[in-house]
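Worksheet: one structure, shown below.
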Amino acid sequence: MEGELSLIKYPLISDATIQYLHQAFPNKLPTTQVSEFELGRLIGMQEIIGHLEFINRETYENYNEEND
229 MEGELSLIKY
239 PLISDATIQY
249 LHQAFPNKLP
259 TTQVSEFELG
269 RLIGMQEIIG
279 HLEFINRETY
289 ENYNEEND
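According to my numbering, the residues represented by the sequence shown are 229 to 296, in order.
This is how it looks when you write it as structure tokens:
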């Protein structure tokens with residue numbers, strides 16, 4: 229999937245945005261029993277943050293390659 233996404237020109241995402249998302253939605257297991265829906269929601273939040281980090285890495289790598 230990530231290989232397919234590398235063809236897309238990504239928007240710039242600030243490190244501050246990703247840092248905020250990590251703070252707002254920390255990657256931790258729930259301490260109480262949660263519904264399947266809530267567990268899916270928690271997983272989805274981490275997938276979004278991970279995807280934005282991937283976009284950030286790809287964007288800066290492509291930028292550096294183009295400007296070297």
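Cβ coordinates follow ideal geometry from the N, Cα and C atoms, glycine included. Values in this document were obtained by computation on a predicted structure and should not be read as measured data.
query                                                                                                                 : result
T287 in three-state terms, based on DSSP                                                                              : helix
4-residue-minimum alpha helix (DSSP H) runs that sit fully inside the segment 243-286, ordered along the chain        : 243-252
Sub-8 Å separation of Q274 and N255 beta-carbons                                                                      : yes
Residues of its chain near E266, where Cβ-Cβ distance is below 8 Å and the 5 sequence neighbours each way are ignored : P258
Y238 and I283 closer than 8 Å at C-beta                                                                               : yes
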